[in-house]
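Structure first, commentary second.
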Amino acid sequence: MILSPITQRRLALFKANKRGYYSFWLFIALFIICLGAEFIANDKPLLVKYDGGYYFPIVHEYPETTFGGDFETETDYRDSFAIELIEEKGWMIWPPVKFSYNSINYALSQPAPAPPDTTNILGTDDQGRDVFARMLYGFRISILFGLILTVVSSIIGIIAGAFQGYYGGKTDLIMQRLIEIWSSLPSLYILIIFSAMFVPGFWTLLLILLLFSWVRLVDLVRAEFLRARNFEYVRAAKALGVSNLTIMYRHVLPNAMVATLTFMPFILTDSIVALTSLDFLGLGMPPGSASIGELLKQGKNYVKEAPWIGMTAFASLAVMLTLLTFIGEAVRDAFDPRKNIH
1 MILSPITQRR
11 LALFKANKRG
21 YYSFWLFIAL
31 FIICLGAEFI
41 ANDKPLLVKY
51 DGGYYFPIVH
61 EYPETTFGGD
71 FETETDYRDS
81 FAIELIEEKG
91 WMIWPPVKFS
101 YNSINYALSQ
111 PAPAPPDTTN
121 ILGTDDQGRD
131 VFARMLYGFR
141 ISILFGLILT
151 VVSSIIGIIA
161 GAFQGYYGGK
171 TDLIMQRLIE
181 IWSSLPSLYI
191 LIIFSAMFVP
201 GFWTLLLILL
211 LFSWVRLVDL
221 VRAEFLRARN
231 FEYVRAAKAL
241 GVSNLTIMYR
251 HVLPNAMVAT
261 LTFMPFILTD
271 SIVALTSLDF
281 LGLGMPPGSA
291 SIGELLKQGK
301 NYVKEAPWIG
311 MTAFASLAVM
321 LTLLTFIGEA
331 VRDAFDPRKN
341 IH
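Just so you know, the sequence shown maps onto residues 1 to 342 in the numbering used here.
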């Protein structure tokens, strides 16, 4: 694929910001690793060979009777009885960490929270769950939540700002007043009310935060459309009978997207911080879910008894937000026409 000269220049500027460029690839690597969290930390083996057959417990549930047991319920592969049954006629391949985010280690040598050891490399939380597994799964949920919220809220904000800026007049005036009223609502109190009315979950929180997050790009897109709607090429397109929607999409939106894209990494950062804050306050994901915010809360509660919990949560959140900030700076440089390639 042949890239346009301006795209090549932007890519060169992005690569010239070494801190942002390497942060981008490190973030992609961490994201890919987290997407395969089940293959890194799980209380089920990756592969089981039993009596000449191969089984994949990660992708399919097998009853205990499959391996010569007595019950029709799902096999507990960490149970000593199930291990003996399988090893009599086969073997198992386990992931590096034999705990999922909700697995409890019942063989701790001391009461939970237990310090790091060879079994739990980052220790356990107050319920005996592996901190590394909860951090890994929580990292994935935070990134996916932030990405979905950023994309959906940006689409809504861009559409609203485009209509305001392009049509102007009464349309702009009415929408601007409505947005001012909407953005002045106490979002925290509304979140508390919704959390009392509905069972909190991934999609519920996403919808609630989406109600308020879409307004962040409206003013920026509105300003770009107000500026571009009087350009000569826009007037020429109108004179030729091109529809308003076509002009907005093909001729004005690309100019507005330059400024919009520079803000998206920072919007992603805000989305992740919002989920973490809600989890920390107890208004986020359901109890027991993998959450960096919940780890931070435990770290605060056990700052002296279990410092490894707070240190793990802080380190994972700090790395994530730092990488996104550096990426945002590189994207901003890439779209800055005043920047020169060194």
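Even for Gly, the Cβ is constructed at its ideal location relative to N, Cα and C.
Residues near residue i in its chain [Cβ-Cβ closer than 6 Å; skip 5 each side]
i, result
"R10", "A334"
"K49", "G90 and W91"
"V215", "I179 and S183"
"K297", "F280"
"N17", "A330 and D333"
Beta-carbon spacing of residue i, residue j below 8 Å
i, j, result
"F99", "A133", "yes"
"S142", "M320", "yes"
"L217", "I158", "yes"
"L283", "L209", "no"
"F27", "L323", "yes"
"R235", "Y166", "no"
"D43", "S109", "no"
"F24", "I327", "yes"
"G161", "V258", "no"
"F202", "F145", "yes"
"V131", "I309", "yes"
"A318", "Y21", "no"
"L46", "P95", "yes"
"V97", "A29", "no"
"A239", "I247", "no"
"T260", "L122", "no"
"F71", "T65", "yes"
"S195", "F212", "no"
Same chain, Cβ closer than 7 Å to residue i, five either side skipped, listed in chain order
i, result
"R140", "C34, L35 and A37"
"S150", "In the sequence as presented, Ser is not what sits at residue 150; that position holds Thr. Closer than 7 Å at Cβ, skipping near neighbours: M264, I267, L268 and S271."
"R332", "T262"
"S316", "M135, F139 and I292"
"L61", "What sits at residue 61 in the sequence shown is Glu, not Leu. Excluding sequence neighbours, E61 sits near E74."
"I93", "P45, L46 and L47"
"F67", "Y50, T75, A82, L85 and I86"
Per DSSP, the bridge partner or partners of residue i
i, result
"W91", "K49"
"T124", "D130"
"P63", "E74"
"V152", "Beta-bridge pairing links V152 to no other residue."
"Y233", "None; Y233 has no bridge partner."
"V97", "A41"
"I104", "R129"
"Y167", "Y167 pairs with nothing; no bridge assigned."
"Y54", "K49"
Proximal residues to residue i (C-beta, below 8 Å), its chain only, five neighbours per side dropped
i, result
"Y106", "G128"
"G69", "P63, T75, F81, A82 and L85"
"L205", "F145, L275, L278, G284 and M285"
"D125", "A112, P113, V131, R134, L295, Q298, A306 and I309"
"R19", "F326, E329 and A330"
"Y233", "H251"
"Y54", "L47 and V48"
"T171", "F163 and Q164"
"D303", "Just to set this straight, residue 303 is Val in the shown sequence, not Asp. The residues are G310."
"I148", "L206"
"V273", "L321"
"D219", "G161"
Cβ-heavy atom distance, residue i to the ligand FMN, below 7 Å
i, result
"Y167", "In the structure on display, the ligand FMN does not appear, and there are no ligands present to speak of."
Could you tell me whether the segment 250–261 touches the segment 223–241, where touching means 3 or more Cβ pairs closer than 8 Å?
-> Contact between the segment 250–261 and the segment 223–241 is present: 3 or more CB-CB pairs across the two stretches fall below 8 Å.
Spell out a yes or no on whether the segment 119–137 and the segment 283–297 are touching, meaning 3 or more CB-CB pairs, one atom from each, closer than 8 Å.
-> They touch, by the three-pair rule.
How do the segment 109–118 and the segment 77–88 stand: do at least 3 beta-carbon pairs fall below 8 Å, yes or no?
-> Per the Cβ contact rule, the segment 109–118 is not in contact with the segment 77–88 (fewer than 3 Cβ pairs under 8 Å).
Going along the chain, which unbroken runs of the beta strand (DSSP E) with 3 or more residues stay wholly within the segment 256–311?
-> Counting only runs of 3 or more, we get nothing.
In chain order, each alpha helix (DSSP H) run of at least 4 residues that lies wholly inside the segment 195–250 = Scanning the segment 195–250 from its first residue to its last, the whole alpha helix (DSSP H) runs of 4-plus residues come out as 202–213, 218–228, 232–239 and 244–247.
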